[in-house]
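Going letter by letter, the sequence shown gives residues 329 to 492 in this note's numbering.
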Amino acid sequence: MAVRKIRKIGDPILREKSIEIKTIDKNILNLAKDMIDTITRGEEEGVGLAAPQIGVAKRLIVVNFEDSIKTLINPEIEVLDGTEIEGEEGCLSLYSIKCNIKRPRKVRVKAIDLEGQSVDIEASDILARIFMHEVDHLNGVLLIDHLDKKARIELLNKINEISS
Ligand SMILES: [Zn+2]
């Protein structure tokens, strides 16, 4: 188990489409452990993490919300209520700078867990937002892609200040 380094914007792996996990082997279990360690014991705690953020382009996410940690393999999202709600969002790969993003209010997430069992979760509001954010990572999408041009430039300027 280990806390792994978080990949930051500009790293090409964050723009890759992650591949489906076919077998839950030791590598996947270790990857999941490292991801949990990284968001619970790392310097920067987070509510969620996707495998590409620690350099592995596989479809695995970890969500750490209200004292419950969920590890989901090959998660898929179905929108149940498309009413768009604006909410604050940050990303460890974008230096945790907060921005306001509109997302659907309610989703269903289908996935498998580390034992290979099917998982079916309905989530709304903040939790729905976290799931959508993490699944975006598996498709090479970053929250910056949801911003309009002005907000995107503001965010990029802040990132340049922090990272230079
Ligand atoms: Zn993120």
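Cβ atoms here follow ideal geometry from the backbone N, Cα and C, with glycine treated the same way.
| Item | Value |
| --- | --- |
| Close beta carbons around R332, own chain, < 6 Å, minus the five adjacent residues each side | D362, T366 and I382 |
| Beta-carbon gap between V437 and I429 smaller than 8 Å | no |
| From P403, R335, L422 and H461, residue whose alpha carbon lies closest to that of D441 | P403 |
| Unbroken alpha helix (DSSP H) run spanning I382, endpoints | First-last for I382: undefined, no H or E at that position. |
| Pairwise C-alpha distance: K336 and E406 | 28 Å |
| Exposed unless 16 or more other CB atoms sit within 10 angstroms - verdict on P340 | exposed |
| Per-residue burial, F422 [other beta carbons within 10 Å of its own, 16 or more giving buried] | It should be pointed out that residue 422 corresponds to Leu in this sequence rather than to Phe. By the neighbour-count rule (16 or more Cβ atoms within 10 Å), L422 is buried. |
| As assigned by DSSP and simplified to three states, the class of I487 | helix |
| Exposure label - S346; buried when at least 16 CB within 10 Å | buried |
| Beta bridge counterpart(s) of I397 as assigned by DSSP | N392 |
| Proximity of I413 and R433 at Cβ, strictly below 8 Å | yes |
| Selection from T399, Q445, K477 and K426 that minimises the alpha carbon distance to V463 | T399 |
| Length of the line joining the Cα atoms of F459 and R431 | 11 Å |
| Under the three-state DSSP convention, the category N402 falls into | strand |
| Same chain only: Cβ atoms within 8 Å of L484, ignoring 5 sequence neighbours per side | I472 |
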